[in-house]
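Here the structure is laid out as C-alpha cells; the discussion comes afterwards.
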Amino acid sequence: MSKKISLTRYLVEQQRVDGKIPAELRLLLEVVARACKTISQAVNKGDLGGVLGSADSENVQGEVQKQLDIIANEVLIEANEWGGHLAAMASEEMEGIYLVPNRYPQGEYLLLFDPLDGSSNIDVNVSIGTIFSVLKKPDGTAGVSEQDFLQPGAQQVAAGYCVYGPQTTLVLTVGDGVAMFTLDREQGSFVLTRENVQIPPDTKEFAINMSNMRHWDAPVKRYVDECLAGKEGPRGKDFNMRWIASMVADVHRILTRGGIFMYPWDKREPEKAGKLRLMYEANPMGWLVEQAGGAATNGRQRILDIVPSKLHERVSVILGSRNEVERVTAYHLER
Ligand code: AHM
Ligand code: MG
C-alpha cells in the first residue's frame with residue numbers, strides 16, 4: 000500500500016480528524032488546487048500552447064498583462080464561481096471585486112489571488128506562481144462589497160501559493176503550520192512532501208533587487224551594506240544574495256532553507272507604499288512565513304496587523320528568517 004498522502008486526504012483529515020477546517024473551506028481549497036493544476040499545464044506548454052507574450056492590455060495597476068496572466072485569472076474564476084463555497088473573489092488582474100453570479104449558490108468565503116505572480120519571468124522560462132488568500136465574509140452584512148474584503152491579514156482562514164518551477168508545488172496554511180504538496184503528474188494529484196515547515200531564525204542569504212539601491216531608504220541601505228561588508232564588517236559573516244523576481248520562488252526558497260526577502264518602499268514613486276500588494280501578495284506570504292516560525296513586517300509594523308483601506312493597496316515587505324527581519328525592522332524604528 001502506498002504511504003502517499005494526497006492533498007485531498009490531508010484536507011479531509013484536517014476537517015474530520017482534527018476539526019481544524021469546515022467542509023466548505025476544504026472544498027474551496029480543493030478547487031483552488033485544481034485550478035492551479037490547470038494553470039500549471041498551460042505554463043508547461045509555453046510556446047507550444049501559444050500562451051506566451053503580451054495580451055495588449057493593462058491591469059488596474061497600469062501593468063501590461065501577459066496572456067498567461069489573463070488565462071490564469073479566468074481559470075481561477077471559472078473553477079471557483081459555481082461551487083457554492085464563495086461569496087466573491089478579488090484579483091490583481093481585476094479592478095473591482097467579482098461577485099459569484101446569481102445563478103450559483105453563495106457561500107461565506109472571500110477568495111483573493113494574484114493569478115500569476117512574477118509575470119516578467121513568464122516568457123523566459125523562470126519559476127512563476129499563483130498566490131491566494133481566503134477570508135470569511137463578515138457576519139451580518141447583506142450582499143458583498145469591497146468593504147467586506149478590507150480585513151487585516153491576521154483574519155485569513157487559509158493562504159498559500161503554487162509555484163510552477165522545475166516541480167509544481169502547492170504550499171498551504173490553514174493556521175496549523177505550513178505543508179507542501181508536490182504535483183505528481185502521472186497521478187494528476189498533489190502529494191504531501193513536507194509538513195511542519197520551519198524557517199531557521201538566522202540566515203546568510205538576502206534577496207532584494209539591488210538595482211534599486213540608490214532609491215532605498217537609509218535603514219534598508221544600512222542593512223544591505225552591513226551584509227555586503229561580510230566577515231570583516233559588523234555582521235562578522237559573509238552573505239550570499241539571490242533575486243528571482245518572482246516572489247513565489249523567492250519565498251519558496253526561504254521556506255525551504257531560510258533567508259530574508261525585501262521589497263521595501265523606495266524613492267522612485269514615494270507616494271506608493273511599495274511595489275507589492277498587501278491583500279493578495281504580502282498577507283498570504285506573511286502568514287505562511289509566520290506559520291513557519293519566520294516574521295513579516297513593513298519595516299515598522301507586522302504585515303498581518305495592517306488594516307487595509309483599499310483592495311489593491313501596496314505595502315513595503317520584509318519577510319523571512321525571524322532574527323534578520325527583526326534587525327531590519329529595528330533599524331527602521333531607531334529613526
Ligand atoms: P507581478 O505581480 O506583476 O508579477 O509583480 C510582483 C513581482 C514579484 O513576484 C517580485 O518579487 C517583484 O515583482 C519583482 O520586481 P522587480 O522586477 O522590480 O525586481
Ligand atoms: Mg504579483
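So that you can map any letter, position 128 of the sequence shown is 127 in numbering that gives the first Met the number 0, and since no number is skipped, the others follow by simple counting. For every residue, glycine included, the Cβ atom is placed at its ideal position computed from N, Cα and C. Computed from a predicted model, the values in this text were never measured in an experiment.
Cβ of residue i within 8 Å of Cβ of residue j?
i	j	result
G319	I198	yes
R326	Y222	yes
I96	A87	yes
R256	R241	no
L27	L110	yes
K65	A54	yes
V196	A291	yes
M278	S56	no
A41	I70	yes
H331	P165	no
I130	V74	no
P151	L303	yes
Please check the pair residue i and residue j, which I expect to be a contact at CB under 8 Å, by giving their CB distance rounded to whole angstroms.
i	j	result
E91	P114	7 Å
C161	C35	4 Å
S188	Y163	At roughly 16 Å, the Cβ-Cβ gap does not stay under 8 Å, so S188 and Y163 are not in contact.
G52	D122	7 Å
T172	A157	7 Å
V190	K3	5 Å
Exposed or buried, residue i, counting other C-beta atoms within 10 Å across all chains shown (16 or more means buried)?
i	result
G139	exposed
R299	exposed
Y108	buried
S308	exposed
S210	exposed
A294	buried
Return the chain-ordered list of same chain residues with a C-beta closer than 7 Å to the C-beta of residue i, the five sequence neighbours on each side being excluded.
i	result
S119	A244
Q60	H311
Per DSSP, what kind of secondary structure is residue i in: helix, strand or coil?
i	result
M240	strand
V190	strand
R301	strand
A89	strand
L51	coil
A329	helix
R276	strand
P114	strand
A178	strand
I259	strand
Here's a check: name, in chain order, each residue in its chain whose Cβ is nearer than 6 Å to the Cβ of residue i, leaving out the five neighbours to either side.
i	result
N322	P200, D201
N297	V314, S315
M284	V250
P104	G83
T192	M179, T181
D137	Residue 137 is actually Pro in this sequence, not Asp. Correct list, in chain order: D147.
For residue i, collect the residues of the same chain with a Cβ closer than 8 Å to its Cβ; drop the 5 residues on either side in sequence, then sort them by chain order.
i	result
K203	K236, D237, F238, N239
E29	L6, T7, L10
Heavy atom of the ligand ATP less than 7 Å from the Cβ of residue i, yes or no?
i	result
D122	Absence of the ligand ATP is noted for the structure shown, with the ligand AHM and the ligand MG being the only ligands found.
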